[in-house]
């Protein structure tokens, strides 16, 4: 799993990110030494930048930058794949999501095809577990009309390959909103379509399946864990208020 947060970068690190992103379109390979020279900083700074962005090291960041495959495992059945996903799950993703959720008054949920069903389900669950204004939106125009500086847009996508979210992201930035993409499978192109990216699983579904044919089970599992935490927090607050009274 990888968590990418561009908002966590300072001005220098943002310039490093922009420079290496542009350079990757020109050069077939960028070593860490070359990266330091291009950005006018030390090798140590490049290494720290890679980790702060959410990667284990510079090599993993460069692989992601060039769209190379990160480690993954093919499994013989959906049950096996999901079991491995659960065993490997990074629960700090839930912590980070809840922290982000608490920062916004309006939660907009979106996804194409079957991923929209995920968004609708999450809308239903969030309405009963929070006081947030929450809405699942069926198309790009509806999303654009709802975005403002108080909105967090959460996009669900299995592969990110069926249709780009770049236009939505650019409009969100102009309006002052934030975009979180929750993707099941690795796709480096998603980096340019959001402020934050949660990559949930390194255990991919069969490659011969089209995006709309793939299971959304991993998303539902993520959602249920989020809701479980919200309900526990609400119960704890209720008990605290009762004790004070």
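Numbering (our numbering), first residue to last: 430 to 674. Glycine included, every Cβ here is placed at the ideal spot set by N, Cα and C.
By the criterion of a C-beta distance shorter than 6 Å, residue 549 is surrounded in its chain by 565, once the five residues flanking it on both sides are discounted. For residue 628, the closest C-alpha among the options 615, 637 and 635 is that of 615.
In this structure, the beta-carbon distance from residue 542 to residue 641 falls below 8 Å. Residue 570 sits away from residue 608, with the two beta carbons spaced by 8 Å or more.
Per DSSP, reduced to three states, the secondary structure at residue 565 is strand. Residue 432: member of the beta strand (DSSP E) spanning 431-434, first to last residue. When the alpha-carbon of residue 515 is set against those of 651, 662, 477 and 553, the nearest one is in 651. Within the same chain, 514, 613, 629 and 630 come within 7 Å of residue 647 by CB-CB distance, once the 5 residues on both sides are set aside. Per DSSP, reduced to three states, the secondary structure at residue 625 is strand. Around the beta carbon of residue 455, fewer than 16 other beta carbons sit within 10 angstroms, so the residue counts as exposed. Scanning the segment 502-588 for uninterrupted beta strand (DSSP E) segments of 3 residues or longer gives 535-539, 562-566 and 580-586, listed from N- to C-terminal end.
In the DSSP secondary-structure assignment, residue 612 is bridged to 586 and 628. For the pair residue 636 and residue 670, the Cα-to-Cα distance works out to about 51 Å. Looking at the DSSP output, residue 643 bridges to nothing. Under the DSSP assignment, residue 464 falls in the alpha helix (DSSP H) whose first and last residues are 461-468. Here residue 477 carries a helix assignment [DSSP, helix/strand/coil].
Under DSSP, residue 485 takes part in no beta bridge, so it has no partner. Rounded to the nearest angstrom, the gap between the Cα atoms of residue 440 and residue 482 is 13 Å.
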